[in-house]
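Trainee: Here the sequence shown stands for residues 3 to 160, where the numbers follow this note's numbering.
We treat Cβ as the ideally placed atom computed from N, Cα and C, and that holds for glycine.
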Amino acid sequence: MANKHVLKFLKDNNYKTDIVTLNDSSTVLKAANELNVTTNEIAKTLAFILKDNIIVVVMSGDSKINNKKYKDYFKEKASMVPADKVETLTNHPIGGVCPFGLKENVKIYLDNSLKQLEYVYPAAGDFNLALKISVNDLERITKGTWIDVTTCNEVIKQ
3 MANKHVLKFL KDNNYKTDIV TLNDSSTVLK AANELNVTTN EIAKTLAFIL
53 KDNIIVVVMS GDSKINNKKY KDYFKEKASM VPADKVETLT NHPIGGVCPF
103 GLKENVKIYL DNSLKQLEYV YPAAGDFNLA LKISVNDLER ITKGTWIDVT
153 TCNEVIKQ
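1. Just tell me which of D128, N155, D113 and C154 has its CA closest to the CA of E141.
2. When you compare each of D26, V137 and E106 to S115 by their alpha carbons, which one comes out closest?
3. Could you give the distance in angstroms between the alpha-carbon of K159 and the alpha-carbon of S65?
4. Using only alpha-carbon positions, find the residue among D20, T153 and I149 that is nearest to F76.
5. Kindly indicate which three-state DSSP category D86 falls into: helix, strand or coil?
6. If distances are taken between C-alpha atoms only, which option among K145, N107 and V122 comes closest to N93?
7. Taking the alpha carbon of A49 as the reference point, which residue from N38, I67, D74 and K71 has its own alpha carbon closest?
8. For the candidate residues C100, Y111, K79 and K117, whose alpha-carbon lies nearest to that of H1?
9. What residue from V151, I56 and Y123 has the CA that sits closest to T19's CA?
10. For the putative contact between T23 and L131, defined by C-beta atoms under 8 angstroms, what is the C-beta separation to the nearest angstrom?
11. When the Cα of K46 is compared with those of K71, P95 and S62, which residue comes out closest?
12. If you scan the region 3-42 from start to end, which runs of the alpha helix (DSSP H) of 4 or more residues do you find wholly inside it?
13. With 16 other CB atoms within 10 Å as the buried threshold, where does N5 fall?
Put into structure tokens, the structure is as follows:
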């Protein structure tokens with residue numbers, strides 16, 4: 003069943019897209035294979051604690067947080083939300099964290115690693131749900147702030 007927070011967010015933003023149920027999205031590679039896309043087209047969303055606030059950073063699937071860039075930008079060390087608090091603080095369980103339907107106080111950041119792509123496939127509020135969205139629409143409907151806090155991993159082998 004689709005996440006009610008995601009569905010409400012998409013409806014409120016007049017964005018129509020199909021939410022896909024995946025059989026195995028436990029890794030970026032598995033999700034990419036099932037969707038028949040490259041690993042960098044899988045948009046990872048990570049939740050962090052920042053100065054008593056919660057933020058999410060959306061990045062390409064072949065990227066990882068660069069701790070130096072993160073600290074230079076945010077002026078503090080990266081600290082992920084503890085696993086047992088992710089759903090309470092974001093509205094989404096681990097594996098389903100996405101930039102749609104978040105709690106009101108969660109700020110969204112879009113990493114520059116997404117700019118190389120036309121479309122991405124973020125989670126849709128649960129570990130086995132995803133949707134396709136253009137990077138332009140992602141920016142428009144989330145009102146995310148562009149930042150540069152990742153480093154590209156080596157290409158994940160298909």
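Mentor: If we stick to the structure as given:
1. Here residue 141 refers to the residue found at position 139 when the sequence shown is read from its first residue. Nearest of D128, N155, D113 and C154 to E141, Cα basis: D113.
2. Counting from 1 along the sequence shown, the entry for residue 115 is found at position 113. Ranking D26, V137 and E106 by Cα distance to S115 puts V137 first.
3. Here residue 159 is taken as the residue at index 157 of the sequence shown, counted from 1. Here residue 65 is taken as the residue at index 63 of the sequence shown, counted from 1. Per-residue confidence for K159 stands at a pLDDT of 46, beneath the threshold of 50, marking its modelled position as unreliable; no derived number is given.
4. As a first step, residue 76 is located in the sequence shown; it is residue number 74 there, counting from the start. Measuring from the Cα of F76, the nearest candidate turns out to be I149.
5. To locate residue 86, count along the sequence shown from 1; it is residue 84. Correct three-state label for D86: helix.
6. Counted from its first residue, the sequence shown places residue 93 at position 91. For the residues K145, N107 and V122, the minimum Cα distance to N93 belongs to N107.
7. Working through the sequence shown from its first residue, we reach residue 49 at position 47. Selected option, being the one with the closest Cα: I67.
8. There is no way to answer for residue 1, as the model of the chain reaches only from 3 to 160.
9. Numbered from 1 along the sequence shown, position 17 holds the residue referred to as residue 19. Measuring from the Cα of T19, the nearest candidate turns out to be Y123.
10. Along the sequence shown, one-based indexing puts residue 23 at 21. Along the sequence shown, one-based indexing puts residue 131 at 129. Contact flag correct, Cβ pair sits at about 6 angstroms.
11. Counting from one through the sequence shown, the residue named residue 46 turns up at place 44. Answer by Cα proximity: S62.
12. 6-14 and 30-37
13. Numbered from its first residue, the sequence shown carries residue 5 at position 3. That one is buried.
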